[in-house]
Every structure is written in structure tokens, then in C-alpha cells.
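In the numbering used here, the protein residues as written are 1267 to 1363.
What follows is the structure, encoded as C-alpha cells:
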């Protein structure tokens, strides 16, 4: 079982969404990451090398970017963004992976 930790940036990202969306995002994280954060699935995938994170969790239009530390059994949430059409927004700005 993995412990989940948010970076200050990820917490700021989460707080930028409406409360309903925040609850949906947290429920998705709690439902999908504690057990199998390092296994690809329909909603979880390993990303190509980038500056943000190694993994992405898809929760509807929202994207949770995270790293996994197997030695510490830790999932570190690095950023939370959303997709609008084909455009990804992270930290309130357009972002390209």
C-alpha cells in the first residue's frame, strides 16, 4: 500500500478547482493510487520523460501527475491539471508534455 503526499504546488492546483471538482479528484486519487500506483491501467499511464512527473492519472477531464517511490512506498502528487479539448492546463497555464 502506498502513502500519498501532495507537493505545495499540487495542493495549490487542487484548491484552484471548484469544491465539487476537488472532491472528485481526491476520490479518484484515493480510489486508484494507494494500491496500484505503479501499474498501468485504463486511467493510469507512465509518461515519456518530462519536467512534471513520471505518471499520469486520468479522472475525467482532470489529470493528476505523480511520481512513485517504491522504496518508501510513496506516491508524490506533483501537479493537477485539466484538459480542455486537446489542450492541457497545469498551474493555470497551457502545458505541453
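Even glycine gets a Cβ: it sits at the ideal position worked out from N, Cα and C.
- At a Cβ-Cβ threshold of 8 Å, residue 1280 and residue 1270 do not count as neighbours.
- Residue 1333 holds the alpha-carbon nearest to the alpha-carbon of residue 1303 among 1333, 1283, 1274.
- By the neighbour-count criterion, in which a residue is buried when 16 or more other Cβ atoms sit within 10 angstroms of its Cβ, residue 1326 is exposed.
- In the same chain as residue 1331, and ignoring 5 residues on each side of it, the C-beta atoms closer than 6 Å to its own belong to 1318, 1319, 1322, 1344, 1345, in chain order.
- At a Cβ-Cβ threshold of 8 Å, residue 1313 and residue 1363 count as neighbours.
- By the beta-carbon neighbour count (other beta carbons within 10 angstroms, threshold 16), residue 1285 is exposed.
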